[in-house]
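Report on one structure; see the data block that follows.
Number of protein chains: 2
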Amino acid sequence: MNYCSCCAATVTLRVPEGDTVPRYVCNQCGTIHYINPKMVVGALAEWQGKILLCKRAIEPRLGMWTLPAGFMEMAETTAEAALRETLEEACATIELAELYTLVNVPHIGQVHMFYRAHLPAPVFAAGIESLEVALFDEADIPWDDIAFRSIAVTLRQYFADRAKGEFKFRTYDLGPRAQF
Amino acid sequence: MNYCSCCAATVTLRVPEGDTVPRYVCNQCGTIHYINPKMVVGALAEWQGKILLCKRAIEPRLGMWTLPAGFMEMAETTAEAALRETLEEACATIELAELYTLVNVPHIGQVHMFYRAHLPAPVFAAGIESLEVALFDEADIPWDDIAFRSIAVTLRQYFADRAKGEFKFRTYDLGPRAQF
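If you want it as structure tokens, here you go:
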């Protein structure tokens, strides 16, 4: 951020009075521009025991597999975001169950959430952000080509819970990826 | 938003190519300025059966009672946000239990989350955003003066669950408040 989005004057990164965190503050109109974490919401949809995954057609992680998910928009609920993203990325209409995982990714200012869901029929196609969409048995999950760790964490929890016959909401915190 | 925060040129609200939602797009450098929902995170802390509430010293809902909560910051987890807000607003150091409620408030672009927590000793004070901080028995909760519906929903769930002896994570969606 270089300029104030209200008045176009320059901004300075400083701690406002009564605050504890540096913010971009306008040098002319005084507007404080807050930057907060974003939510990424998606769905783990199952059809006859198989899981719906999308191969990413966009960066980051182009060519790797993900659960359908994306940035939550204004004026929608977390459930609506999960349904919309699944429709956009996998052209699939799913039936949502409960919120299943919440994964903090603080070093990139994101919180990822995934719902469990039921795909009522094997009807899907690659949306504009996907190269390919497919159903995977647990044994065929491409673990080495999963796009994001929050996806892998959610899938692993799912298969462990499914084996026990009981699904339980859980939260996770991820640190930065090891560089080597 | 009137001006681009990157280059200070004017912006136009339009649907970018390949998108479905109107965004503020810079007329000069082309930057797309996304606006996404924000998270408000707090804690429901109990000491010897009593609940820690804060009387708000700031708008909105100045003078009304709330659970300690506030906007999640970059580079922190949801749990860290709940601990920080409780320390800031109630000067209390709590021990967090699990995430307990997630409340969508789509008409204002917010998602509220509350953790259950234990206050290890009745040590607290009004932080700069609170007029007063106090512990309430269930029978003394000021239901008519609760600042936000997400707080009331969370407290009601808590007392119902406590009576049953089992706490369960739940999600809620709130619509606009009735105007009359």
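Protein chains in written order, with numbering that gives the first Met the number 0: chain L, 0 to 179; chain Y, 0 to 179. Just so you know, even glycine gets a beta-carbon here, dropped at the ideal spot from N, CA and C. Given the structure is predicted, the values throughout are model-derived calculations rather than measurements.
For residue j and residue i, the rounded distance between their alpha carbons
{"i": "Val122(L)", "j": "Asn103(Y)", "result": "29 Å"}
{"i": "Leu43(L)", "j": "Glu84(L)", "result": "12 Å"}
{"i": "Ile31(Y)", "j": "Phe135(L)", "result": "35 Å"}
{"i": "Thr170(Y)", "j": "Glu165(L)", "result": "19 Å"}
{"i": "Ala133(L)", "j": "Cys53(L)", "result": "7 Å"}
{"i": "Asn26(L)", "j": "Ala8(L)", "result": "7 Å"}
{"i": "Glu16(L)", "j": "Val10(L)", "result": "16 Å"}
{"i": "Ala116(L)", "j": "Glu137(L)", "result": "16 Å"}
{"i": "Leu101(L)", "j": "Phe147(L)", "result": "14 Å"}
{"i": "Cys6(Y)", "j": "Glu58(L)", "result": "25 Å"}
7 Å CB neighbourhood of residue i in its chain, flanking five on each side removed
{"i": "Lys167(Y)", "result": "Asp160"}
{"i": "Leu118(Y)", "result": "Ala44, Glu45, Trp46, Leu51, Ala91 and Ile93"}
{"i": "Ile150(Y)", "result": "Thr65 and Leu66"}
Unbroken beta strand (DSSP E) run spanning residue i, endpoints
{"i": "Ser4(Y)", "result": "Looking at the DSSP string, Ser4(Y) is not in any beta strand (DSSP E), and its letter there is neither H nor E."}
{"i": "Thr50(L)", "result": "In the sequence on display, residue 50(L) carries Ile and not Thr. Here the beta strand (DSSP E) through Ile50(L) covers Lys49 to Arg55."}
{"i": "Glu131(Y)", "result": "Ser129 to Phe135"}
{"i": "Phe166(L)", "result": "From DSSP, Phe166(L) is part of no beta strand (DSSP E); its letter is neither H nor E."}
{"i": "Arg22(L)", "result": "Arg22 to Cys25"}
{"i": "Trp46(L)", "result": "Lys37 to Trp46"}
{"i": "Arg115(Y)", "result": "Gln109 to His117"}
{"i": "Tyr33(Y)", "result": "That residue, Tyr33(Y), is in no beta strand (DSSP E); it is neither H nor E in DSSP."}
Close-in-space but distant-in-sequence residues of the same chain around residue i (CB under 8 Å, 5 per side omitted)
{"i": "Glu131(Y)", "result": "Cys53, Lys54 and Ala125"}
{"i": "Gly75(L)", "result": "Residue identity differs from the one stated: residue 75(L) is Glu in this sequence, not Gly. Taken in chain order, the residues that qualify are Arg83."}
{"i": "Leu154(Y)", "result": "Leu43, Ile50, Leu66, Ile140 and Ile145"}
{"i": "Glu72(Y)", "result": "Ala80 and Arg83"}
{"i": "Arg13(L)", "result": "Pro21, Arg22 and Val24"}
{"i": "Pro175(Y)", "result": "His106"}
{"i": "Glu97(Y)", "result": "Tyr114, Arg115, Phe166 and Phe168"}
N-terminal and C-terminal residue of the alpha helix (DSSP H) that residue i is part of
{"i": "Lys163(Y)", "result": "Arg148 to Lys163"}
{"i": "Leu86(L)", "result": "Thr77 to Ala89"}
Residues near residue i by beta carbon distance below 6 Å, same chain, minus five either side
{"i": "Ala78(Y)", "result": "Leu95"}
{"i": "Arg108(Y)", "result": "Going by the sequence as given, residue 108(Y) is Gly instead of Arg. The answer, listed in chain order, is Pro36."}
{"i": "Glu88(L)", "result": "Cys53, Pro67, Gly126, Glu128 and Ser129"}
{"i": "Asn1(Y)", "result": "none"}
{"i": "Asp172(L)", "result": "Asn103"}
{"i": "Met63(L)", "result": "Arg55, Asp144 and Ala146"}
8 Å Cβ cutoff, residue i in contact with chain B
{"i": "Ala177(Y)", "result": "Absence of chain B from the displayed structure is noted, the protein chains being L and Y."}
Whether or not the stretch 107-114 of chain Y and the stretch 33-44 of chain Y are in contact is what I'm after, with contact meaning three or more pairs of Cβ atoms, one per stretch, closer than 8 Å; do they touch? Yes, the stretch 33-44 of chain Y is in contact with the stretch 107-114 of chain Y.
Chain L contacts from the stretch 108-120 of chain Y (Cβ-Cβ distance under 9 Å): Gly108, Val110 and Met112
Residues of the stretch 65-78 of chain Y with a CB closer than 9 Å to any CB of chain L: list them in chain order, please. Phe70, Met71, Glu72, Met73, Ala74, Glu75, Thr76, Thr77 and Ala78
Mind listing which residues of the stretch 131-156 of chain L have their C-beta closer than 8 Å to chain Y's C-betas, in chain order? none
Pull out every residue of the stretch 22-37 of chain Y whose Cβ sits closer than 9 Å to any Cβ of chain L, in chain order. Tyr23, His32, Tyr33, Ile34, Asn35, Pro36 and Lys37
Would you list, in chain order, the members of the stretch 6-23 of chain L that have their beta-carbon closer than 9 Å to a beta-carbon of chain Y? Cys6, Ala7, Ala8, Thr9, Val10, Gly17, Thr19, Val20 and Tyr23
Would you list, in chain order, the members of the stretch 85-99 of chain L that have their beta-carbon closer than 9 Å to a beta-carbon of chain Y? Glu87, Glu97 and Leu98
Near-chain L residues of the stretch 35-54 of chain Y - C-beta to any C-beta below 9 Å: Taken in chain order, the members of the stretch 35-54 of chain Y whose beta-carbon sits within less than 9 Å of a beta-carbon on chain L are Asn35, Pro36, Lys37 and Met38.
Please identify, using Cβ separations under 7 Å, the residues of the stretch 163-178 of chain L that lie next to chain Y, in order along the chain. Within the stretch 163-178 of chain L, the qualifying residues are Phe168, Thr170 and Asp172.
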